[in-house]
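Single-structure report; data block below.
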Amino acid sequence: MKMKWAFLTIVFTAFSILSGCDLLVLDPKGPQAETQADVIKLSIGIMSVIVVVVFAILIYILVKYRASKQPDDYEPPHIEGNPIVETIIVAVPILIVTFLSIVSVQSNYAVESAPTGYEEKEPLVIYASSSNWKWHFSYPEQDIETVNYLYIPTDRPLEFRLYSYGPITSFWIPQLGGQKYAMADMITTLHLAADVPGEYMGRNANFSGKGFAKNTFNVKAVSQDDFDEWVDEVKETADPITEERFDELLEPGHLGQLTFNGTHLDFMPPPMKHGSSMEEGDHEEMNME
Amino acid sequence: MEFFERFAIPHPSPAIYASMVAIGLTVIAIIVGLTYFKKWGYLWREWITTVDHKRIGIMYLISALLMLFRGGVDAIMMRAQLAVPENTLLDSQHYNEIFSTHGVVMIIFMAMPFIIALMNYIVPLQIGARDVAFPRLNALSFWLFFMGAMLFNISFVIGGSPDAGWTSYFPLAGNEFSKSVGTNYYMIAIQIAGLGTLMTGINFIATILKMRAPGMTLMKMPMFTWSALITNIIIVFAFPVLTVALAMGTMDRLFATHFFTTGNGGMDMLWANLFWVWGHPEVYILILPAFGVYSEVIPTFARRNLYGYRSMVWSMVIICLLSFLVWVHHFFTMGQGALVNSIFSITTMAIAVPTGIKIFNWLFTLWKGKIRITTPMLYSLLFIPIFTIGGVTGVMLAMSAADYQYHNTMFLVAHFHLVIIPGVVFAMLAGLTYWWPKMFGFMLNERIGKWAAWLIGIGTCVAFFPMFISGLDGQARRMFTYSEATGFGIWNMIAFFGAIMLAVGFVLIVYNIYYSTRYASRDIPADPWDARSLEWATHSPVPEYNFAITPDVNSRDAFWNHKKNNQKLFKGDYQEIHMPNNSGVPFIMSALFFVFGFAMVFSVWILAIISAIGIFACMGHRSLEKDHGHHLSVDHIKETEEKLGGANS
Chain A
1 MKMKWAFLTI
11 VFTAFSILSG
21 CDLLVLDPKG
31 PQAETQADVI
41 KLSIGIMSVI
51 VVVVFAILIY
61 ILVKYRASKQ
71 PDDYEPPHIE
81 GNPIVETIIV
91 AVPILIVTFL
101 SIVSVQSNYA
111 VESAPTGYEE
121 KEPLVIYASS
131 SNWKWHFSYP
141 EQDIETVNYL
151 YIPTDRPLEF
161 RLYSYGPITS
171 FWIPQLGGQK
181 YAMADMITTL
191 HLAADVPGEY
201 MGRNANFSGK
211 GFAKNTFNVK
221 AVSQDDFDEW
231 VDEVKETADP
241 ITEERFDELL
251 EPGHLGQLTF
261 NGTHLDFMPP
271 PMKHGSSMEE
281 GDHEEMNME
Chain B
1 MEFFERFAIP
11 HPSPAIYASM
21 VAIGLTVIAI
31 IVGLTYFKKW
41 GYLWREWITT
51 VDHKRIGIMY
61 LISALLMLFR
71 GGVDAIMMRA
81 QLAVPENTLL
91 DSQHYNEIFS
101 THGVVMIIFM
111 AMPFIIALMN
121 YIVPLQIGAR
131 DVAFPRLNAL
141 SFWLFFMGAM
151 LFNISFVIGG
161 SPDAGWTSYF
171 PLAGNEFSKS
181 VGTNYYMIAI
191 QIAGLGTLMT
201 GINFIATILK
211 MRAPGMTLMK
221 MPMFTWSALI
231 TNIIIVFAFP
241 VLTVALAMGT
251 MDRLFATHFF
261 TTGNGGMDML
271 WANLFWVWGH
281 PEVYILILPA
291 FGVYSEVIPT
301 FARRNLYGYR
311 SMVWSMVIIC
321 LLSFLVWVHH
331 FFTMGQGALV
341 NSIFSITTMA
351 IAVPTGIKIF
361 NWLFTLWKGK
371 IRITTPMLYS
381 LLFIPIFTIG
391 GVTGVMLAMS
401 AADYQYHNTM
411 FLVAHFHLVI
421 IPGVVFAMLA
431 GLTYWWPKMF
441 GFMLNERIGK
451 WAAWLIGIGT
461 CVAFFPMFIS
471 GLDGQARRMF
481 TYSEATGFGI
491 WNMIAFFGAI
501 MLAVGFVLIV
511 YNIYYSTRYA
521 SRDIPADPWD
531 ARSLEWATHS
541 PVPEYNFAIT
551 PDVNSRDAFW
561 NHKKNNQKLF
571 KGDYQEIHMP
581 NNSGVPFIMS
591 ALFFVFGFAM
601 VFSVWILAII
611 SAIGIFACMG
621 HRSLEKDHGH
631 HLSVDHIKET
641 EEKLGGANS
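Just so you know, the protein sequences line up as chains A and B, in that order. Heads up: the first sequence at position 125 corresponds to 125 in the UniProt record's numbering, and the numbers run straight through without jumps. Heads up: the second sequence at position 609 corresponds to 609 in the UniProt record's numbering, and the numbers run straight through without jumps.
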């Protein structure tokens with residue numbers, strides 16, 4: 001019994017730690033991250049029940065059937081199996097897995113489409129490309145480009161188009177939603193949205209060599225008005241991006257935060273969508289570097 | 001690059017120079033020692049040329065333990081580096097090399113030989129066979145594995161270690177981003193070891209299907225042998241994929257092909273797919289024999305037959321099939337869309353069902369048993385709760401939408417360590433302790449053994465539970481450092497303490513081997529645990545021919561029924577036994593593979609061609625050689641049996 005209480009204490013401490021600190025993933029600031037946090041919390045709940053049941057059975061059996069608690073002449077019986085018991089231990093996991101599968105499929109479609117509550121609004125398209133060990137963010141609609149930081153409007157869906165000038169990287173802003181790979185020969189799309197203004201951590205989550213640990217970026221979510229103001233300011237003050245300048249930026253290393261007028265998409269188009277990249281002449285050029 | 005520059009390590013540090021000196025001194029010490037004690041002949045006759053499955057098993061075991069410490073040192077260095085924020089113990093290049101080699105060494109050069117060691121030693125005994133089906137092929141398997149492991153291990157002092165992760169994703173592992181020869185080592189050393197593993201797979205399938213004792217139908221086989229059969233079937237289907245992927249990777253790096261490059265029609269995603277088409281079944285190659293060990297240990301120490309034998313077998317068959325249908329869950333985030341992710345999410349979660357059946361069957365085996373908690377049993381009982389936690393987090397990871405948040409984080413690292421350590425390492429340590437008296441004729445000390453088991457059990461929890469939390473807080477894996485503001489410090493510090501507990505536990509195991517070798521009683525019965533399967537029906541240690549008389553089997557627990565119900569196991573008289581001859585060819589051929597591999601790593605083509613000719617010459621020699629083995633006379637068998645305490649028929 002002591003063991004059981006000790007165990008329950010551990011479970012409760014674990015839970016209070018989990019709910020106590022604001023773990024980034026469990027502290028969502030956008031609809032996609034919220035869907036994911038809900039799935040995570042639900043699955044932690046169900047899995048805890050399974051763990052508790054297995055622990056309880058194990059502890060009960062260990063307490064009851066220790067050799068030291070039994071008469072010396074006790075000889076355990078030969079039991080082949082029992083159809084009813086075996087049906088239960090097959091059926092219950094199947095039920096749990098079926099339920100989780102339904103949740104999983106629904107949430108898959110949710111995170112792969114426009115964020116809930118934002119379906120009606122026109123998404124802001126941002127091209128996010130990585131190079132060793134930086135992120136380049138191009139805003140074709142605003143015709144500006146930043147390095148290592150993102151300005152995003154709240155209450156507007158965001159459509160990130162991801163690709164890489166080098167190793168596979170993974171674009172991840174934990175509080176806005178889960179990650180997706182950026183690769184050299186294909187564009188991937190990630191739908192996000194920010195509900196509340198604030199500063200969020202973003203990083204490359206996929207190992208990409210020496211500078212990987214510091215391959216991070218800042219995300220600042222602001223209201224639409226503030227966003228427009230920022231765009232105007234950039235348009236007035238930032239230098240234009242040129243092909244030579246962009247080639248310099250692609251050199252391996254770390255850069256601080258930079259801002260440019262225009263985007264590199266004009267002179268260095270991104271790879272095509274999945275599968276169609278091979279025929280693209282432009283694409284070859286892109287990799288000559 | 002100049003010719004000799006390639007051999008230099010890319011980032012020399014005092015630790016590496018110290019290792020160089022240590023390696024040099026050890027080699028000199030071994031050579032001097034062997035010469036001084038005149039053991040060269042003994043080593044050659046009894047070990048290097050042996051084709052005996054038991055000796056090969058022991059050599060696998062020694063290699064696995066050595067590699068466990070190599071991989072363990074890597075692990076301690078990683079945890080030490082991450083224990084505090086902004087640590088400068090290791091630089092990023094060094095850290096990258098260490099986590100890459102940690103993964104490769106632990107999976108390919110520690111876990112694999114460990115399970116193959118136990119399979120080699122135990123499977124022929126459990127089915128009442130004299131040896132494996134192809135004893136010389138078995139020797140070749142071992143030496144190829146061994147040379148592959150050695151080639152991989154010299155990388156950190158000659159030329160530099162692989163630094164693109166154990167998954168070695170392209171284009172990071174390509175020439176453009178990984179300029180040192182490290183990834184060449186990865187491609188070629190794993191290739192050589194993998195060839196050996198593939199041969200083991202073929203060998204054991206043939207052995208188990210064709211060489212069982214009379215009366216032992218498939219459904220009467222001990223569960224460990226069943227797990228070995230399924231494992232080897234997976235090996236035969238999965239390893240060729242790795243062979244092809246590594247060959248393509250090698251050609252990309254050495255011959256400028258474009259399989260996985262980003263330009264000229266290559267596709268980096270192809271590598272990830274091929275790698276995991278092998279990589280996921282590989283996980284089950286490791287875990288199924290471990291399940292087999294638990295299915296032997298738990299019934300023995302519960303004094304009960306295994307509950308639900310049939311469902312145990314069927315669950316393994318289903319796991320084997322499913323293991324080939326889940327590889328995409330390693331990269332849900334690659335952008336294949338909701339439909340593909342949903343399919344692989346469901347197949348992945350489906351694996352929880354047969355695995356759950358196994359957990360419950362073990363629990364019901366304990367039910368109404370008479371449980372003795374010995375060291376192997378303690379590992380098994382620690383396995384059930386810790387593996388359950390690791391397993392349910394696997395179900396969580398299988399939910400692909402949520403996986404976008406877990407992927408590439410410490411949460412994932414926590415999950416796979418919490419299935420692989422209790423699943424594989426605990427099982428191997430349980431199996432090692434359990435079968436030790438059979439292998440060496442004395443028992444390991446129980447007191448030290450239990451201390452080690454508790455330390456390793458608790459150390460595993462302390463080391464990996466905090467990673468769930470730091471992972472959910474955004475700590476990506478493979479970061480060589482992090483800032484203080486992230487707040488990851490405390491969790492990594494706790495994990496470091498856990499790693500130290502694990503290290504102390506493993507050192508205790510080595511101490512236990514030393515202590516027991518010196519002090520343990522040699523006067524033990526052939527069946528010290530009062531066990532149930534055939535390997536305990538012969539002497540400890542086992543004579544060269546395994547069983548003087550081939551056993552007759554008519555039930556699942558043949559040996560148990562022989563003991564308790566007086567069923568006769570050995571019928572008839574001694575007869576001449578046909579045994580295979582020793583051969584030096586497997587060793588020589590594998591040594592040539594080592595030279596070939598080394599030459600390939602550094603693109604020394606003339607040497608590569610010469611050693612390749614040598615390899616083909618060895619194969620030619622084998623094809624033309626006439627070797628009919630030898631016979632052990634009845635007198636010789638009688639003499640041996642009397643010396644070992646008489647036949648127990």
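For every residue, glycine included, the Cβ atom is placed at its ideal position computed from N, Cα and C. For clarity, every value in this text was computed on a predicted model and none was experimentally measured.
Nearest residue (CA-CA) to residue i, options the options
i	options	result
Glu-176 (chain A)	A:Phe-137, A:Tyr-60 and A:Ile-152	Here residue 176 (chain A) is Leu; the residue named in the question, Glu, does not match the sequence. Selected option, being the one with the closest Cα: A:Ile-152.
Glu-120 (chain A)	A:Ile-89, A:Ser-101 and A:Arg-156	A:Arg-156
Tyr-284 (chain B)	B:Lys-643, B:Phe-259, B:Asn-232 and B:Pro-240	B:Asn-232
Met-493 (chain B)	B:Val-504, B:Phe-464 and B:Phe-506	B:Phe-464
Met-617 (chain B)	B:Phe-593, B:Met-600 and B:Lys-638	The residue you asked about is not Met; residue 617 (chain B) is Ala in the sequence shown. When each option's Cα is compared against that of Ala-617 (chain B), the closest is B:Phe-593.
Val-111 (chain A)	A:Phe-160, A:Ile-168 and A:Ser-208	A:Phe-160
Leu-43 (chain B)	B:Ala-83, B:Leu-624 and B:Phe-587	B:Phe-587
Val-105 (chain B)	B:Gly-148, B:Ser-19 and B:Met-119	B:Gly-148
His-628 (chain B)	B:Thr-640, B:Ala-352, B:Ser-583 and B:Gly-292	B:Ser-583
Ser-533 (chain B)	B:Met-221, B:Thr-243 and B:Phe-442	B:Met-221
Ile-234 (chain B)	B:Leu-246, B:Gln-191, B:Leu-288 and B:Arg-253	B:Leu-288
Ser-345 (chain B)	B:Ile-577, B:Leu-363, B:Leu-325 and B:Met-579	B:Leu-325
Met-316 (chain B)	B:Thr-225, B:Ile-373 and B:Val-277	B:Thr-225
Chain-ordered chain B contacts of residue i [CB-CB under 7 angstroms]
i	result
Met-201 (chain A)	Gly-474
Ile-57 (chain A)	Leu-363
Ser-208 (chain A)	Leu-172
Chain-ordered chain B contacts of residue i [CB-CB under 8 angstroms]
i	result
Ala-213 (chain A)	Ser-92, Met-479, Phe-480, Thr-481 and Tyr-482
As assigned by DSSP and simplified to three states, the class of residue i
i	result
Phe-99 (chain A)	helix
Ile-549 (chain B)	coil
Val-196 (chain A)	coil
Trp-135 (chain A)	strand
Phe-142 (chain B)	helix
Arg-518 (chain B)	helix
Val-313 (chain B)	helix
Asp-282 (chain A)	The pLDDT assigned to Asp-282 (chain A) is 42, lower than 50, so where the model puts this residue is not dependable, and the model offers no usable value.
Thr-189 (chain A)	strand
Glu-289 (chain A)	With a pLDDT of 37 at Glu-289 (chain A), under the threshold of 50, the modelled position of this residue cannot be trusted; read the value that follows with caution. Correct three-state label for Glu-289 (chain A): coil.
Gln-142 (chain A)	coil
Ser-168 (chain B)	coil
Trp-560 (chain B)	helix
Pro-10 (chain B)	coil
Gly-177 (chain A)	strand
Arg-203 (chain A)	strand
8 angstroms Cβ cut-off: residues of chain A touching residue i
i	result
His-407 (chain B)	Ser-170, Gly-178, Gln-179 and Ala-205
Ile-384 (chain B)	Val-54 and Leu-58
7 angstroms Cβ cut-off: residues of chain A touching residue i
i	result
Ile-389 (chain B)	Val-51
CB contact below 8 angstroms: residue i versus chain E
i	result
Thr-259 (chain A)	Looking at the structure shown, chain E is missing, and the protein chains on hand are A and B.
Within chain A, the residues that residue i reaches when beta carbons sit closer than 9 angstroms
i	result
Val-395 (chain B)	Ser-43, Ile-46, Met-47, Ile-50, Ile-96, Val-97 and Leu-100
Ser-311 (chain B)	Gly-81, Glu-86, Ile-89 and Val-90
Within chain B, partners of residue i - CB distance below 9 angstroms
i	result
residue 354 (chain A)	Outside the displayed span of chain A (1 to 289) sits residue 354 (chain A), for which this structure offers no information.
> So does the region 207 to 216 of chain B actually touch the region 117 to 134 of chain B, counting three or more Cβ pairs closer than 8 angstroms?
Replying inline: yes
> Is there contact between the region 388 to 402 of chain B and the region 36 to 51 of chain A, where contact requires at least three CB pairs shorter than 8 angstroms?
Replying inline: yes
> Mind listing which residues of the region 106 to 121 of chain A have their C-beta closer than 9 angstroms to chain B's C-betas, in chain order?
Replying inline: Gln-106, Ser-107, Asn-108, Tyr-109, Ala-110, Val-111, Glu-112 and Ser-113
> So does the region 85 to 105 of chain B actually touch the region 43 to 60 of chain B, counting three or more Cβ pairs closer than 8 angstroms?
Replying inline: Verdict: no, contact absent.
> Taking three-plus beta-carbon pairs below 8 angstroms as touching, is the region 78 to 91 of chain A in contact with the region 350 to 365 of chain B?
Replying inline: yes
>> Please identify, using Cβ separations under 8 angstroms, the residues of the region 56 to 82 of chain A that lie next to chain B, in order along the chain.
In response: Ile-57, Leu-58, Ile-61, Leu-62, Tyr-65, Arg-66, Ala-67, Gln-70, Tyr-74, Glu-75, Pro-76, Pro-77, His-78, Ile-79, Glu-80 and Gly-81
>> Pairs of beta-carbons, one from the region 174 to 193 of chain B and one from the region 127 to 136 of chain B, closer than 8 angstroms: are there three or more?
In response: no
> Just by C-beta distance, which residues in the region 249 to 273 of chain B are closer than 9 angstroms to chain A?
Replying inline: Thr-261, Thr-262, Gly-263, Asn-264, Gly-265, Gly-266, Met-267, Asp-268, Met-269 and Ala-272
>> Measuring CB atoms only, is the region 247 to 257 of chain B touching the region 339 to 354 of chain B, in the sense that at least three cross pairs come out at less than 8 angstroms?
In response: no
> Is the region 94 to 108 of chain A close to the region 401 to 409 of chain B, with three or more CB pairs under 8 angstroms?
Replying inline: Short answer: they touch.
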